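Numbered per the UniProt record's numbering, the sequence shown spans residues 1 to 410. Glycine included, every Cβ here is placed at the ideal spot set by N, Cα and C. Bear in mind that the values here come from a model prediction, so they are computed numbers and not experimental data. For reference, the structure is listed below as structure tokens.
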Amino acid sequence: MPSRLASACSSGCSALRNVSRQAENRRVKGRRLHAVAAEAQTVSREEVLTSHPFNNVTEGIFAKIGANLHRRPDHPICIIKEAIYAFFDERQPGVFAKLEDLHPVVTAKANFDEVLVPADHVSRNPNDTYYIDTETVLRCHTSAHQAETLRKGERAFLVTGDVYRRDTIDQSHYPVFHQMEGVKVLDRSQYSDAAEGAKVAEQELKETLEALAAHLFGTGIECRWVDAYFPFTDPSFELEIFFNGEWLEVLGCGVMEQQILDVNGCEGEKAWAFGLGLERLAMVLFAIPDIRLFWTSDQRFTKQFKAGKLNAKFKPYSKYPPCFKDVSFWLPEAGFTENNLCEVVRGHAGDLVESVVLIDSFTHPKKQRTSHCYRVAYRSMDRSLTDEEINDIQENVRASLADQLKVELR
Ligand code: FA5
Ligand code: MG
């Protein structure tokens with residue numbers, strides 16, 4: 001059952017507040033990791049848009065690599081990252097190493113195997129993940145760096161970066177977004193056996209995230225914990241915040257699976273981990289209604305945010321009307337997925353598409369064929385669109401649906 005968060009709980013664990021020599025060493029190591037990763041930050045077109053038959057990275061996605069919104073001081077993603085850093089620095093000075101330029105191109109092994117994602121898990125499917133080739137992906141979460149960072153000797157760290165997913169289209173989903181991974185291996189002195197260690201980890205994790213929510217949002221928001229499943233944590237939870245009339249999921253977390261610790265230099269130890277959705281947290285903090293806004297260079301958006309200023313509330317500069325277009329088709333026998341449809345729409349519309357929603361589905365009783373009708377909302381954040389422009393995009397979308405996804409248009 002979801003439990004309501006204590007509104008302004010800021011409990012701390014004194015055993016973890018010690019600023020030790022060990023922590024200082026970790027800080028130095030954190031900086032070293034940082035430098036090594038920075039060298040690998042560039043990636044060429046040929047390396048990402050390979051001709052490998054498994055490659056499903058689009059031009060639009062490639063164009064986002066290296067944008068580094070989380071490292072632009074006046075960008076809301078960077079501002080929220082710094083606010084989270086400030087929280088951890090205040091709570092446990094010098095304890096967490098901060099890694100924010102690890103490369104988004106990772107091995108499938110790091111992205112999946114090393115965090116125990118089963119061979120048949122849906123997230124491995126090219127329908128959900130951008131593959132460069134069978135062995136290499138654009139990371140779909142910052143958890144891809146858990147194992148390697150533990151192996152490098154870090155025991156408390158925050159990894160921030162851009163992550164990539166083939167996903168649905170709406171105001172809170174975008175194919176590129178930013179996560180911050182947090183991992184903390186407990187001190188041995190905090191527990192006497194494995195069962196107690198797991199309990200302490202869960203409690204400390206929840207206290208930490210509740211205090212973080214209070215630090216970012218104060219008492220004026222409604223949150224709830226929801227039980228979840230991740231292959232790399234047990235138990236697992238998600239935190240939701242009530243925002244614009246709906247529950248918005250902002251993070252996943254849990255007690256780390258023992259196997260990940262055991263094989264990466266922390267045998268028999270206990271740890272917690274979380275993955276924050278930075279866009280979602282920034283949407284709540286700054287009242288940003290649509291995730292596409294993070295990518296606009298319109299100064300009416302960018303000028304509203306300043307490094308260190310956490311109390312800015314986004315003022316919509318103008319609201320242009322959406323334009324709705326429906327598209328109906330018979331599904332092909334070979335299969336159909338909504339993520340593929342969304343890729344096609346984004347491929348033609350870019351950030352002009354606001355949402356894609358299934359509004360009707362029926363199966364013809366005699367023909368045993370299924371028809372779907374999707375409603376596509378087009379809207380620019382920055383200007384009004386002409387009928388002609390939208391009609392052109394919609395025609396291109398229809399042509400590609402027939403051509404690439406083999407649907408039969410109706
Ligand atoms: C994960 O990615 C886990 N790796 C998180 C985790 C880490 C769990 C460590 C346990 C331990 P999930 O798929 O739920 O979990 O994504 C985490 C957060 O990313 C979500 O809560 C949400 O805030 C954000 N998110 C997910 N998909 C999108 C998207 N398409 N656009 C924007 N934000 C998204
Ligand atoms: Mg989730």
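Is Gly268 near ligand 2, going by C-beta to nearest heavy atom under 7 Å? no
Please state whether DSSP places Arg166 in a helix, a strand or coil. coil
How should Thr129 be labelled, buried or exposed, when 16 other C-beta atoms within 10 angstroms of its C-beta is the threshold for buried? buried
Give the secondary structure of Ala37 by DSSP, where H, G and I count as helix, E and B as strand, and everything else as coil. With a pLDDT of 40 at Ala37, under the threshold of 50, the modelled position of this residue cannot be trusted, and the question is left open.
I believe Ile169 touches Val345 by the beta-carbon criterion, under 8 Å. Please report the beta-carbon distance rounded to the nearest angstrom. 7 Å
How big is the Cα-Cα spacing for residue 430 and Leu281? Residue numbering for the chain in the displayed model covers 1 to 410; residue 430 lies beyond these limits and cannot be assessed.
Is it the case that the CB of Gly254 approaches a heavy atom of ligand 2 more closely than 7 Å? no
Does the contact criterion of 3 or more C-beta pairs under 8 Å hold for the segment 219–226 versus the segment 289–308? no
Is Ser355 near ligand 1, judged by its Cβ being under 7 Å from some heavy atom? no
Which partner residues does Lys184 have in the DSSP bridge list? Ala156 and Trp272
Using DSSP with H/G/I as helix, E/B as strand and the rest coil, what is Ile79? helix
How many angstroms separate the CA atom of Ala271 from the CA atom of Val250? 21 Å
DSSP on His173, reduced to helix/strand/coil? strand
Is the beta carbon of Glu238 within less than 7 Å of some heavy atom of ligand 2? yes
Candidates Ser371, Val95, Asn111 and Ser400: closest to residue 413 by CA position: In the structure displayed, the chain extends from 1 to 410; residue 413 sits before or after that span and is not available.
For the alpha helix (DSSP H) containing Val353, name the first residue and the last one. Run containing Val353: none in the alpha helix (DSSP H); it sits in the beta strand (DSSP E), Val353 to His364.
Please classify Asp326 as buried or exposed, where buried requires at least 16 other C-beta atoms within 10 Å of its C-beta. exposed
Quick check on Gly252: buried or exposed, where buried means 16 or more other Cβ atoms within 10 Å of its Cβ? buried
Close Cβ partners of Leu331 (< 8 Å) along its chain, the five nearest in sequence each way excluded: Arg369, Thr370, Ser371, His372 and Val407
Is the number of C-beta pairs between the segment 339–354 and the segment 156–172 that are closer than 8 Å three or more? yes
Could you pull out every unbroken alpha helix (DSSP H) segment of at least 4 residues lying fully inside the segment 47–75, listed in chain order? 59–62
Just how far apart, CA to CA, sit Arg300 and Phe232? 41 Å
Paired residues, beta bridge with Arg398 - DSSP: DSSP output for Arg398 lists no bridge partner at all.
Beta strand (DSSP E) runs wholly inside the segment 272–347, at least 3 long, in chain order: 323–330
Tell me the DSSP secondary structure of Ser143 in three-state form. helix
Backbone CA spacing between Lys366 and Asp360 [nearest angstrom]: 19 Å
Do you know how far the Cα of Glu148 is from the Cα of Glu154? 9 Å
Among the candidates Ala213, Val48, Ile80 and Met283, whose CA atom is the shortest distance from the CA of His173? Met283
For Tyr320, count neighbouring Cβ atoms within 10 angstroms of its own Cβ and tell me buried if that reaches 16, exposed if not. exposed
Compute the minimum distance between the beta carbon of Thr129 and the heavy atoms of ligand 1, and state whether it is under 7 Å. no
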